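Chemist: Chains D and H supply the protein sequences, listed in that same order.
Mapping of the first sequence onto our numbering: position 105 corresponds to residue 105, and the numbering continues sequentially without gaps.
So our numbering is basically just the index in the second sequence, starting at one, shifted up by 121.
Note that beta-carbon positions come from the ideal geometry of N, C-alpha and C, so glycine has one too.
On a predicted model such as this, the values are computed, not experimentally measured, just so you know.
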Amino acid sequence: MEQLNANKNYEEAAKTWEGDFLFVIQADTELKEPATIYMDLWHGKCRGVALMKPGEDKKAAYVYSGPYGNWKKLINKQIDPIQGLLTGKFKLQGDMAKVLRAVRAAKELVETAGKVPTEFA
Amino acid sequence: MWWFTSPKIAFGEDSIEQLGAIEGKRVLVVTDSGISRLGMLELVISELKKEPRDIEVFDQVEVEPSFENVEKVAAVARGFQPDLIVALGGGSCIDAAKAAWVLYERPDLALDAVSPLTKLDLRKRARLVAIPTTAGTGSDATWVAVLTDKAHNMKLDYFASRELVPDYSILDPRFVLKLPKEATAYTGLDSLTQGIEAYVNHWRNDFSDAVALRSIQMVFEYLPKAFDNPDDLLARQKTQNAATMSGLAFGNSQVGLAHGLGHALGAVFHMQHGLSVAISNIYVIQFSSRDAAERYADIAHAIGIREESAEKATSLLVESIKKLMLHLKTPLSLQEAGIPQRGLEQNMEDLVEKTNRATVTFVNPRVPNAEEIRKLFVYMYEGKPVNF
């Protein structure tokens, strides 16, 4: 969250963005338990982030979900978030047209995530 | 994974005769008033009438159609209830027909809510035939329609669905014989830019690479001939085929930053699309070569440039493109194209914003930030080689 809020490119790109996200990491052969991350994104800033507890229910304007293996590819820039949707590697619930008008913001979000030291299970 | 999607393509001399064999009892022809005047509409109707059919014509498609223009086409479709839509014209006519087709079959959808993930379920009422009269946008082979959102003064570049690829494309060279010199040049350069961008962008694949490279070769070889000798049927046929091939290339991968910049210029200055992307292309290649020199070098080698160094080959590619543009009497900078400096300065933030929001900008081999976009417009205006 700190890294995202320090990213001026993200702040500029997402300055009109309104809509919170649930990022759902589905279990697959590499990950036994699914995980869901909530991010409250508003006008270029992240107002809050939370790792959801198993079974915890939360609504969000957008749900971006995919198997763990695809998330690794996304963070490692082997696939971009839009192509991921077009090829069915990820699913989106929410206004796709609005997301397509904010591709720069999506890119900066993924770039920022990639800079966070991450240990994959 | 990815898909490769193509219409059924009838090409070559007399290919228009295939139109008569396509099923459809109620045919809506979507075209513009210029096509009507040139006699091409009569040829299409005479082919259609080889079978008993009812035919309706809408010939008021605008250049770079707006939502409002598309609504007018759709209104005619709703009244006439066609089972076959024939788009006859350049990219504007084909794109308008695609969008109107959606509204006809899916009146529940708004144009700006359609995205590549929207399931359209087309073909319950009609199928689509595209007959290009330019060489060209390649829209007869793509799943996108570029529409003008007048309310927001921008081009919508995500109105797309694989379902929008026409069922048929008919490439009869007689339909491009009467293309005036300037249109020959600009639409041909659009085709070239599409092929180049398709070859270097992040979504490229083996299939798109193959058609992209061949289309680029064909443009370099035949576009000057078509420009110099408008009645050269072979040159016209080759440039027409190259345009559809470039559409197959970018329709199955993407375009890139030259189109992002070009769409912004089109929205703000109403610059002709082929011209805006062609000028942008020169500077985008220079900008992107840092990250894609090997790919540009492939293109250079494909058109006969013998240079081992990827950087030098890319530089020579740019020179070849400029030489082609000069042959086609095409400006190489925004200043030469008549864009006023004051106008560029006054609209700079809008141009940058539009480019920054274009989806195609983000599949470019090198993705610019806002400051780099701003500098690109300045360099494009001044005609200065990109050195950042």
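So what does DSSP say about H:TYR289, is it helix, strand or coil?
Modeler: If you number the second sequence from 1, residue 289 of chain H lands on position 168. Here H:TYR289 sits in strand by DSSP.
Chemist: Here's the rule: buried if 16 or more other CB atoms are within 10 angstroms of the residue's CB, otherwise exposed. What is H:GLN467?
Modeler: Here residue 467 of chain H is taken as the residue at index 346 of the second sequence, counted from 1. Per the 10 Å Cβ criterion, exposed.
Chemist: Compare the C-beta of D:LEU41 with all C-beta atoms of chain H and state if any pair is closer than 9 Å.
Modeler: On the first sequence, position 41 is the one that residue 41 of chain D refers to. Not one chain H Cβ lies under 9 Å of D:LEU41.
Chemist: Is it the case that the Cβ atoms of H:LEU140 and H:ALA247 are separated by a distance below 9 Å?
Modeler: Locating residue 140 of chain H in the second sequence gives position 19, where the first residue counts as 1. Locating residue 247 of chain H in the second sequence gives position 126, where the first residue counts as 1. No, these two residues do not count as a Cβ contact at 9 Å.
Chemist: Check for me: the alpha helix (DSSP H) holding H:MET366 runs from which residue to which?
Modeler: The residue you call residue 366 of chain H lines up with position 245 of the second sequence. Run containing H:MET366: 354-372, per the alpha helix (DSSP H) assignment.
Chemist: So, for H:GLN202: in the same chain, excluding its five sequence neighbours on each side, which residues have a beta-carbon less than 8 Å away from its beta-carbon?
Modeler: Mapped onto the second sequence, residue 202 of chain H falls at position 81. Here the set comprises ARG147, ARG246.
Chemist: Where do the ends of the beta strand (DSSP E) carrying H:TRP264 lie?
Modeler: Against the second sequence, residue 264 of chain H aligns to sequence position 143. Run containing H:TRP264: none; DSSP gives neither H nor E here.
Chemist: For D:GLY69, report the span of its alpha helix (DSSP H) as first-last.
Modeler: For this step, residue 69 of chain D is matched to residue 69 along the first sequence. From DSSP, the alpha helix (DSSP H) with D:GLY69 extends over 68-75.
Chemist: Return helix, strand or coil for D:MET39, following the three-state DSSP convention.
Modeler: Residue 39 of chain D sits at position 39 when you count from the first residue of the first sequence. Strand at D:MET39.
Chemist: For H:LEU310, does the three-state DSSP call read helix, strand or coil?
Modeler: The residue you call residue 310 of chain H lines up with position 189 of the second sequence. Of the three classes helix, strand and coil, the one that applies to H:LEU310 here is helix, per DSSP.
Chemist: Closer than 7 Å, Cβ to Cβ, to anything on chain D: give me those residues from the stretch 209-232 of chain H, in chain order.
Modeler: From the stretch 209-232 of chain H, no residue has a Cβ closer than 7 Å to chain D.
Chemist: Kindly give me the distance between the Cβ atoms of H:ARG227 and H:LEU249, rounded to whole angstroms, as I take these residues to be in contact under 8 Å.
Modeler: Here residue 227 of chain H corresponds to residue number 106 of the second sequence, with the count starting at 1. Here residue 249 of chain H corresponds to residue number 128 of the second sequence, with the count starting at 1. At roughly 14 Å, the Cβ-Cβ gap does not stay under 8 Å, so H:ARG227 and H:LEU249 are not in contact.
Chemist: For H:GLY145, which three-state DSSP category applies?
Modeler: For the purposes of this step, residue 145 of chain H is identified with residue 24 of the second sequence, where counting begins at 1. Coil at H:GLY145, not helix or strand.
Chemist: Is it the case that the Cβ atoms of H:ILE137 and H:VAL182 are separated by a distance below 9 Å?
Modeler: The sequence position of residue 137 of chain H within the second sequence is 16, counting from 1. The sequence position of residue 182 of chain H within the second sequence is 61, counting from 1. Result no, Cβ atoms of H:ILE137 and H:VAL182 do not sit closer than 9 Å.
Chemist: Go through its chain and collect everything with a Cβ distance to D:LYS91's Cβ below 6 Å, but skip five positions before and after it.
Modeler: The residue given as residue 91 of chain D occupies position 91 in the first sequence. Once the five neighbours on either side are set aside, the close Cβ partners of D:LYS91 are SER65.
Chemist: With DSSP as the reference, please indicate the residues paired to H:GLN467 in a beta bridge.
Modeler: Here residue 467 of chain H is taken as the residue at index 346 of the second sequence, counted from 1. DSSP lists no partner for H:GLN467.
Chemist: Taking H:LEU310 and H:GLY395 to be in contact with their CB atoms under 8 Å, please state how far apart those CB atoms are, rounded to whole angstroms.
Modeler: Position 189 of the second sequence, counted from the first residue, corresponds to residue 310 of chain H. Position 274 of the second sequence, counted from the first residue, corresponds to residue 395 of chain H. Between H:GLY395 and H:LEU310 the Cβ distance is about 5 Å, and since that is below 8 Å, they are a contact.
Chemist: So, for D:ASN9: in the same chain, excluding its five sequence neighbours on each side, which residues have a beta-carbon less than 7 Å away from its beta-carbon?
Modeler: Position 9 of the first sequence, counted from the start, is the residue given in the question as residue 9 of chain D. The answer, listed in chain order, is GLU108.
Chemist: Using a Cβ-Cβ cut-off of 6 Å (strictly less than) and excluding sequence neighbours within five positions of H:THR451, which residues of its own chain qualify?
Modeler: By 1-based counting over the second sequence, the position of residue 451 of chain H is 330. So the list reads ALA306, once near-sequence residues are dropped.
Chemist: Skipping 5 residues on each side, what residues in its chain have a beta carbon closer than 6 Å to that of H:GLY316?
Modeler: Position 195 of the second sequence, counted from the start, is the residue given in the question as residue 316 of chain H. Taken in chain order, the residues that qualify are ALA333, SER336, ILE337, SER367, ALA370.
Chemist: Output, in sequence order along the chain, the residues in the stretch 283-317 of chain H whose CB is closer than 7 Å to any CB in chain D.
Modeler: If the cut-off is 7 Å between Cβ atoms, the stretch 283-317 of chain H has nothing near chain D.
Chemist: When burial is assigned at 16 or more other CB atoms within 10 Å of the CB, is H:TRP124 buried or exposed?
Modeler: Working through the second sequence from its first residue, we reach residue 124 of chain H at position 3. Exposed, since its Cβ has fewer than 16 Cβ neighbours within 10 Å.
Chemist: Would you call the CB atoms of D:MET97 and D:ALA14 closer than 9 Å?
Modeler: In the first sequence, residue 97 of chain D corresponds to position 97, counting from 1. In the first sequence, residue 14 of chain D corresponds to position 14, counting from 1. According to the sequence as given, residue 97 of chain D is Ala; it is not Met. Against a cut-off of 9 Å, the Cβ pair of D:ALA14 and D:ALA97 comes out as no contact.
Chemist: Mind pulling the alpha helix (DSSP H) runs of 4 or more residues that sit fully within the stretch 378-456 of chain H?
Modeler: You should have 378-390, 394-423, 431-448.
Chemist: Taking only the alpha-carbon atoms, compute the straight-line gap between H:VAL376 and D:GLY55 and give it to the nearest angstrom.
Modeler: Reading the second sequence from its first residue, position 255 is the one you call residue 376 of chain H. Reading the first sequence from its first residue, position 55 is the one you call residue 55 of chain D. In a straight line, the C-alpha of H:VAL376 is about 43 Å away from that of D:GLY55.
Chemist: Determine the burial state of H:GLU185: buried for a count of at least 16 other Cβ atoms within 10 Å of its Cβ, exposed for fewer.
Modeler: Reading the second sequence from its first residue, position 64 is the one you call residue 185 of chain H. Looking at its Cβ environment, which holds 16 or more other Cβ atoms inside 10 Å, H:GLU185 is buried.
Chemist: Return the residue from the list H:VAL286, H:ALA256, H:ALA234 that minimises the CA-CA distance to H:ASP270.
Modeler: Residue 270 of chain H sits at position 149 when you count from the first residue of the second sequence. Per the Cα distances, H:ALA234.
Chemist: Which residues bound the beta strand (DSSP E) around H:ILE206?
Modeler: Locating residue 206 of chain H in the second sequence gives position 85, where the first residue counts as 1. Unbroken beta strand (DSSP E) run through H:ILE206: 205-210.
Chemist: From H:VAL197 to H:VAL499, what does the alpha carbon distance come to, in whole angstroms?
Modeler: Counted from its first residue, the second sequence places residue 197 of chain H at position 76. Counted from its first residue, the second sequence places residue 499 of chain H at position 378. Their Cα atoms are separated by approximately 44 Å.
Chemist: Can you grab the Cα-Cα spacing for the pair H:ALA304 / H:THR255, in whole Å?
Modeler: Taking the first residue of the second sequence as 1, we reach residue 304 of chain H at position 183. Taking the first residue of the second sequence as 1, we reach residue 255 of chain H at position 134. Straight-line Cα distance between these residues: approximately 8 Å.
Chemist: Have a look at H:ALA208, H:SER441, H:LEU232, H:ARG174 and flag the residue whose alpha-carbon is nearest the alpha-carbon of H:VAL340.
Modeler: Numbered from its first residue, the second sequence carries residue 340 of chain H at position 219. Comparing Cα positions, the closest option is H:SER441.
Chemist: For H:LEU277, I'd like the list of residues in its chain whose CB is within less than 6 Å of its CB, leaving aside the five on either flank, ordered along the chain.
Modeler: Here residue 277 of chain H corresponds to residue number 156 of the second sequence, with the count starting at 1. If we look at H:LEU277 and ignore the five residues flanking it on each side, its Cβ neighbours are LEU268, ASP270.
Chemist: Grab the span of the alpha helix (DSSP H) containing D:GLU2 for me, first residue to last.
Modeler: Your numbering for residue 2 of chain D matches position 2 in the first sequence. Its alpha helix (DSSP H) spans residues 2-6.
Chemist: What are the boundary residues of the beta strand (DSSP E) that includes H:ARG248?
Modeler: Translated into the one-based positions of the second sequence, residue 248 of chain H becomes position 127. Per DSSP, H:ARG248 belongs to the beta strand (DSSP E) from 248-253.
Chemist: Tell me the DSSP secondary structure of H:ASP175 in three-state form.
Modeler: If you number the second sequence from 1, residue 175 of chain H lands on position 54. Strand at H:ASP175.
Chemist: Using a Cβ-Cβ distance under 9 Å, would D:THR87 count as near chain H?
Modeler: Position 87 of the first sequence, counting from 1, holds the residue named residue 87 of chain D. Cβ-Cβ to chain H under 9 Å: yes for D:THR87.
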